[in-house]
Ligand SMILES: [Ca+2]
Ligand SMILES: [Ca+2]
């Protein structure tokens, strides 16, 4: 197993009183419409294991590695550029991962924040992971850095065994929430903690 710990930004403010309803802003997050709204590589699988949700999920196909991503903007996330620039937009992100049999093919969820010129401001990933045929939820929380104008949610797959790259992803999510402005709780938004869910 991947023992790498993941640093996340823990927002006590949002835990206490998130002001926006929690909405997943990814389109086709469960791959029920194939690769619609997703870019990069990847392929669609429907069984063995059965999907976490619906009838389909993402995997690599007969490749050694792949990367599949979806690009979001403040508009598609339903947040304002002003709130982002004030450090008030918290992002909860992740998905359900699995693999095939006892193979060690790994997948990694990553979120990337880009500025107006598409230069990378920050990235955060949840670490390489495999789970031997069992769906496992992986998630992280961070705050969009000031200047963010694009948010790229991506999934990497890496083959170690067999002919297929069996890094699976289903029911992915990106859930933005607006932190309470001016609240004393907001100061906790910069506190660094470690939170990695283990199977
Ligand atoms: Ca699905
Ligand atoms: Ca494989």
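In the working numbering, the protein residues as written are 47 to 245. Positions of the beta carbon are idealized from the N, C-alpha and C atoms, including for glycine. A quick note: this is a predicted structure, and the numbers were derived from the prediction, not measured.
Counted as a single uninterrupted DSSP element, the alpha helix (DSSP H) harbouring residue 131 occupies residues 127 to 131. Proximity of the beta carbon of residue 143 to ligand 2 is not indicated: no heavy atom of the ligand is located closer than 7 Å. Around residue 168, the same chain offers 159, 191 as residues with beta carbons nearer than 6 Å, after the five sequence neighbours per side are excluded. When DSSP assignments are scanned along the region 165 to 213, the uninterrupted stretches of beta strand (DSSP E) that are 3 or more residues long and fall wholly within it turn out to be 166 to 171, 182 to 189, 196 to 204. Counting only runs of 4+ residues, the alpha helix (DSSP H) found wholly inside the region 60 to 126 occupies 120 to 123, in chain order.
Each residue's CA atom was taken as its position, placing residue 153 and residue 124 some 28 Å apart. Chain-ordered, the residues whose CB falls short of 7 Å from any heavy atom of ligand 1 come out as 76, 77, 78, 97, 98, 99, 100, 101, 102, 103, 216, 217. Inclusion of residue 212 and residue 97 in the CB contact set at 8 Å is not warranted, their separation being larger than that value.
Going by DSSP, residue 143 is part of the beta strand (DSSP E) stretching over 135 to 144.
Annotation: residue 147 is outside any beta strand (DSSP E) and is labelled neither H nor E by DSSP.
Here residue 199 really is in contact with residue 118; their C-beta atoms are around 7 Å apart, less than 8 Å. At the C-beta level, residue 219 and residue 74 stay beyond 8 Å of one another. Around the beta carbon of residue 162, fewer than 16 other beta carbons sit within 10 angstroms, so the residue counts as exposed.
The C-alpha of residue 130 is placed about 32 Å away from the C-alpha of residue 99. Here the alpha carbon of residue 144 sits roughly 12 Å from the alpha carbon of residue 201.
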